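Visitor: Residue numbers (numbering that gives the first Met the number 0): 0 to 346. I have a structure I would like to understand better, so I am pasting it below and will then ask my questions one at a time.
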Amino acid sequence: MSEIPTEDQEFVREFRRRRRLALLGVALATGAITFVVTYLLFYVSLPYYIFGPGAAVDLNGVIAVAGHSPPPGSLFLTDVNVLPGRPAYYAAAKILPGFEIVKRDELVPPSMTDQQLDSALVDDMKQSQETAEVVAERAAGLHVPSHAAVVVERILPRTPAASCLRLRDRIVAVDGKLVTTIGAVTDATQSKPTGSAYRFTLLRGASHETVTCKTAKIQGRPRFGMIVSFDPGAYSVPIPVKYDVHDINGSSAGLMFALQIYRTLTGKDLGPARMVAGTGVLELNGTVDPIEGTKEKLQAAKHAGATVFLVPVQNYADIKGTPGIRIIPVASFGDAVKALESLDQTS
């Protein structure tokens, strides 16, 4: 075999070297483009949240009531997947059914980060469980003493609340009306025009205080500029309840938690021979407050095979007339119990 001339060997080596450099350049360019596209699609923040159908969870496997077993039948809590506002999720929600785009400032204050929201939702879940225990055990005829309070958790800067309230103030009354639910303070702001003064009765530390606060227009509504939480107070339920809930947070499971505890304590088969799902924020007085993501939670219920869906009356219009499932609006825990007890008497 004849040898390749030296000048040809040099040409081949140079060709191979340049090809390697060209391939490396292409790889680097491709990687850079991929990085930029990925960043633009999944890391650029948009002022929205994307709601999608979540899970429907059988509460028979979630709640354990000491010394009691649930009767036949199943109740389901429903969840919604909340995705951050990113271009990829936004685009998908525009073309895929079952998703909803919600403006961020309609749900949380502008200063709240996604991490702070996640933390708040974890706290809301714990609160919903505690409230459900109190409501259910009282409804079952047990004595559960409680001294509830609405507590100031955060004060937004440059708002009226910053000049009249302090963190951890316990709001006893507004304009002489006792505050017994987390929505009572917000409801009070609807009774007067923006800029009106309200008299707050507070428990500040160990002292009772009376202060005056005005409202201002915040996010288009008359508000004081604070974030509150509900403290059920010092209480001890007679029968312990344990929860095994994973990857679900927020307060909207309160109604279904309470119904499951109640039926387990009393042995009442709520909704016999039917799969009942639902949602609703539960207050200590039994009131059911509205929730977010109604359409998505209804879809989760339908996917699980539920035939009945309980919804707060305030959200009923969002899903009224949806085929394939019976939708029952409720204003209170008592309404829900009565509705389910009457299911076996109706078609």
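Note that the Cβ used here is the ideal one computed from N, Cα and C, for glycine as well. These numbers were taken from a predicted model, which means no experiment stands behind them.
#1: Touch check for the segment 319-337 and the segment 283-297: three-plus C-beta pairs under 8 Å?
#2: Given this structure, state the Cα-to-Cα distance separating P46 from L202, to the nearest angstrom.
#3: Along the chain, which unbroken stretches of the beta strand (DSSP E) at least 3 residues long are found entirely within the segment 93-130?
#4: Quick one: what does DSSP say D186 is sitting in, helix, strand or coil?
#5: Report the rounded CA-to-CA distance for V134 versus P52, giving the unit in angstroms.
#6: Which ranges does the beta strand (DSSP E) cover as unbroken runs of at least 3 residues, wholly within the segment 234-317, from first to last along the chain?
#7: Out of curiosity, what's the CA-to-CA distance linking V121 and L106?
#8: Measure the Cβ-Cβ separation of V210 and F199 and say whether it is below 8 Å.
#9: For I32, does the count of other Cβ atoms within 10 angstroms reach 16, so buried, or fall short, so exposed?
#10: For R167, name the three-state secondary structure that DSSP assigns.
#11: Give the range of the alpha helix (DSSP H) segment to which A335 is assigned.
#12: Output the distance between the C-alpha atoms of L339 and A90, rounded to the nearest integer angstrom.
#13: Count the other C-beta atoms from every protein chain shown that fall within 10 angstroms of the C-beta of F50, then say buried if there are 16 or more, exposed otherwise.
#14: Express the C-alpha separation of P108 and T263 in angstroms, rounding to a whole number.
#15: Please name the residue, chosen from P69, G24, Y88 and A303, that lies closest to T37 on a Cα-to-Cα basis.
#16: Mind checking G249: buried by the 16 CB within 10 Å criterion, or exposed?
#17: Assuming contact is defined by CB atoms lying nearer than 8 Å, are A347 and K241 in contact in what I supplied?
#18: Have a look at P311, A305 and I238 and flag the residue whose alpha-carbon is nearest the alpha-carbon of G66.
#19: Enumerate in chain order the residues of its own chain whose CB-to-CB distance from V236 is below 6 Å, with the five nearest sequence positions on each side excluded.
#20: Distance, Cα to Cα, V336 vs H207?
#21: I'd like the list of long-range same chain contacts for K102, defined as Cβ closer than 7 Å, with 5 residues on each side in sequence excluded.
#22: In whole angstroms, what separates the C-alpha of P159 from that of V173?
#23: What are the partner residues of T200, as DSSP defines its beta bridges?
#24: Any idea which residues DSSP pairs Y47 with across the strands?
#25: Could you tell me the boundaries of the beta strand (DSSP E) in which R153 lies?
#26: According to DSSP, S73 sits in a beta bridge with which residue or residues?
#27: Quick check on A63: does DSSP put it in helix, strand or coil?
#28: My understanding is that Y234 touches A139, with C-beta atoms under 8 Å, so please give their C-beta distance in whole angstroms.
#29: When DSSP labels each residue in this structure, what does V79 get in the three-state scheme?
#30: Taking the beta carbon of P328 as the centre, do at least 16 other beta carbons fall within 10 Å, making it buried, or is it exposed?
Guide: In short:
#1: The segment 319-337 is in contact with the segment 283-297.
#2: Approximately 37 Å between the Cα atoms of the pair.
#3: You should have 99-102.
#4: Looking at D186 - three-state DSSP - the assignment turns out to be helix.
#5: Those two C-alpha atoms are separated by around 28 Å.
#6: If we require 3 residues or more, the beta strand (DSSP E) runs fully inside the segment 234-317 come out as 240-242, 274-277 and 307-311.
#7: Straight through space, the alpha carbons of L106 and V121 are spaced by roughly 16 Å.
#8: The criterion of a C-beta distance shorter than 8 Å is satisfied by V210 and F199.
#9: Residue environment: I32 is assigned as exposed (fewer than 16 neighbouring CB atoms within 10 Å of its CB, all protein chains considered).
#10: Reduced to three states, the DSSP call for R167 is coil.
#11: Segment F332 to E340, the alpha helix (DSSP H) holding A335.
#12: Those two C-alpha atoms are separated by around 40 Å.
#13: Looking at its Cβ environment, which holds 16 or more other Cβ atoms inside 10 Å, F50 is buried.
#14: The straight-line gap from Cα to Cα measures roughly 39 Å.
#15: T37 has its Cα closest to that of Y88, out of P69, G24, Y88 and A303.
#16: Buried is the call here.
#17: As displayed, the chain neither begins before 0 nor continues past 346, which places residue 347 out of reach and without an answer.
#18: Here the closest residue by C-alpha is I238.
#19: Within the same chain, V236 has close Cβ partners E132, E136 and V143.
#20: For V336 and H207, the distance between alpha carbons rounds to 39 Å.
#21: If we look at K102 and ignore the five residues flanking it on each side, its Cβ neighbours are P46 and Y47.
#22: The C-alpha of V173 is placed about 15 Å away from the C-alpha of P159.
#23: Partner(s): A172 and T209.
#24: According to DSSP, Y47 bridges with K102.
#25: Start and end: A148 to I154.
#26: Residue pairing by DSSP places S73 opposite M274 in a beta bridge.
#27: Three-state result, A63: strand.
#28: That pair is no contact at about 15 Å.
#29: Looking at V79 - three-state DSSP - the assignment turns out to be strand.
#30: Buried: at least 16 other Cβ atoms inside 10 Å.
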